[in-house]
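Since the structure comes first, as structure tokens, the remarks are kept for the end.
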Amino acid sequence: MMSDWLHNLPVPLMAIAIFAFTYLLAIIIFASVSALATGERAKSFQAISPGMLPVLGILFGLFVAFTAAQVWSDSDRGSAAVSREASALRAVVLLAAGLPPEQESRLRDLIRDYVEQTATVEWPMMARQTASLRSAPIALAEALQFVVSMTPQNPGQQTAQREIISALGSALDARRQRIIVSQAEVNSVKWWSLYLQAICELLVIAVVHCGNRLASGIAMGLFATGVATSVLLIAAHDRPFTGQISIGPEPLLQIMPGKSAS
Numbered sequence: 002m003m004s005d006w007l008h009n010l011p012v013p014l015m016a017i018a019i020f021a022f023t024y025l026l027a028i029i030i031f032a033s034v035s036a037l038a039t040g041e042r043a044k045s046f047q048a049i050s051p052g053m054l055p056v057l058g059i060l061f062g063l064f065v066a067f068t069a070a071q072v073w074s075d076s077d078r079g080s081a082a083v084s085r086e087a088s089a090l091r092a093v094v095l096l097a098a099g100l101p102p103e104q105e106s107r108l109r110d111l112i113r114d115y116v117e118q119t120a121t122v123e124w125p126m127m128a129r130q131t132a133s134l135r136s137a138p139i140a141l142a143e144a145l146q147f148v149v150s151m152t153p154q155n156p157g158q159q160t161a162q163r164e165i166i167s168a169l170g171s172a173l174d175a176r177r178q179r180i181i182v183s184q185a186e187v188n189s190v191k192w193w194s195l196y197l198q199a200i201c202e203l204l205v206i207a208v209v210h211c212g213n214r215l216a217s218g219i220a221m222g223l224f225a226t227g228v229a230t231s232v233l234l235i236a237a238h239d240r241p242f243t244g245q246i247s248i249g250p251e252p253l254l255q256i257m258p259g260k261s262a263s
């Protein structure tokens, strides 16, 4: 239901679109019930128990909580994966100091190339949900192969080699988790269910208060505002790596080593 163009809007424009759509639904329901609430139909409408309002409101709140729980979980997993990846790469850079200068320089350059590629190419792909796990990152794969092929000259270098291989493996695993999370989003069934429940609540508000249009309009306006606010909060965080409020590559950029002198 939530399309790519909406997710990529700045938050103020996203808010305008969501509030406009929600208010439009409320206005259509209000106008339809007002037009139908005449004669015997009005008496039938007013016979509907107001006790349905809190029940439907609670159900809508549960729908929001159920949907939001997924969004917060995806966001936390994405942030944790990026932080773990940055920590692993930082460990590689620090451990490289225990290697001979030529090997340290080569390893630092590969890590830098990987971070640059990730920030400039892979991150936009994750924002579009087109990043794939089919191929390993070239620079990181080369770094792993390079470290594995080294011949340590002393116990210190052996330890450094072993720890670097472990850290590179952790970075690859964190990248895999990051890309998996980038595919996550609230599916259309949840969005339709959320709005259908909101429509039911708006309809009952309009029917119960059909004898007093001002009260009906105020109550529906307040509830529609709550619905739009909830949807905006969820939509703005729906895709962890998409939109104005998204997880960025800053943790990786902060640990990027300097380019070695040629």
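Just add 1 to the spot in the sequence shown (first one is 1) and you have the numbering used here.
Cβ coordinates follow ideal geometry from the N, Cα and C atoms, glycine included.
Would you kindly report the start and end of the unbroken alpha helix (DSSP H) that includes residue i?
i, result
"C211", "Run containing C211: none; DSSP gives neither H nor E here."
"E103", "P102 to Q118"
"R163", "P156 to S183"
"I248", "From DSSP, I248 is part of no alpha helix (DSSP H); its letter is neither H nor E."
"I17", "V12 to L37"
"G58", "M53 to L96"
"I256", "Taken as a continuous stretch (DSSP letters only), I256 belongs to no alpha helix (DSSP H), as it is neither H nor E."
"G244", "G244 -> no alpha helix (DSSP H), and no H or E assigned at all."
"E143", "I139 to S150"
"L7", "D5 to H8"
"M128", "Reading the sequence as shown, one finds Ala at residue 128 and not Met. That run of the alpha helix (DSSP H) goes W124 to A128."
Would you kindly work out how many angstroms separate the C-alpha atoms of residue i and residue j, rounded to a whole number?
i, j, result
"A38", "L215", "14 Å"
"M2", "Q184", "Legend: pLDDT at M2 = 46, less than 50; position of this residue unreliable, value from coordinates given subsequently. Rounded to the nearest angstrom, the two C-alpha atoms are 16 Å apart."
"G58", "F224", "9 Å"
"I206", "G52", "11 Å"
"L253", "A137", "18 Å"
"V148", "Q162", "6 Å"
"A262", "L108", "Residue placement at A262 is poorly supported in this model, since its pLDDT is 47, which falls under 50; the coordinates still yield a value, given next. Distance between the alpha carbons of A262 and L108 is about 13 Å."
"Q118", "Y24", "43 Å"
"G222", "F242", "33 Å"
"T152", "L96", "16 Å"
"S74", "I248", "13 Å"
"N155", "V93", "18 Å"
"D114", "W6", "31 Å"
"R240", "I256", "25 Å"
"A140", "F64", "44 Å"
"G40", "A16", "39 Å"
If you compare alpha carbons, which of the options is closest to residue i?
i, options, result
"S133", "Q118, I180, G249 and N188", "I180"
"R91", "I166, I248, Y196 and G40", "I166"
"L282", "V209, F64 and M15", "With the chain covering only 2 through 263, there is no way to say anything about residue 282."
"Q125", "N9, M15, M257 and S50", "For the record, residue 125 in the displayed sequence is Pro; it is not Gln. For the residues N9, M15, M257 and S50, the minimum Cα distance to P125 belongs to N9."
"S217", "V12, A27, I17 and S106", "A27"
"A142", "L111, Q159 and R135", "L111"
Chain D beta carbons: is any one of them nearer than 8 Å to that of residue i?
i, result
"A69", "Going by chain labels, chain D is absent from the structure shown, which holds only one protein chain."
Take every Cβ of the stretch 187-198, pair it with every Cβ of the stretch 96-103, and state whether three or more of those distances are shorter than 8 Å.
no
Any 3 or more C-beta pairs closer than 8 Å across the stretch 144-159 and the stretch 65-72
no
Below 8 Å, can you find three or more Cβ-Cβ pairs linking the stretch 192-203 to the stretch 169-178?
no
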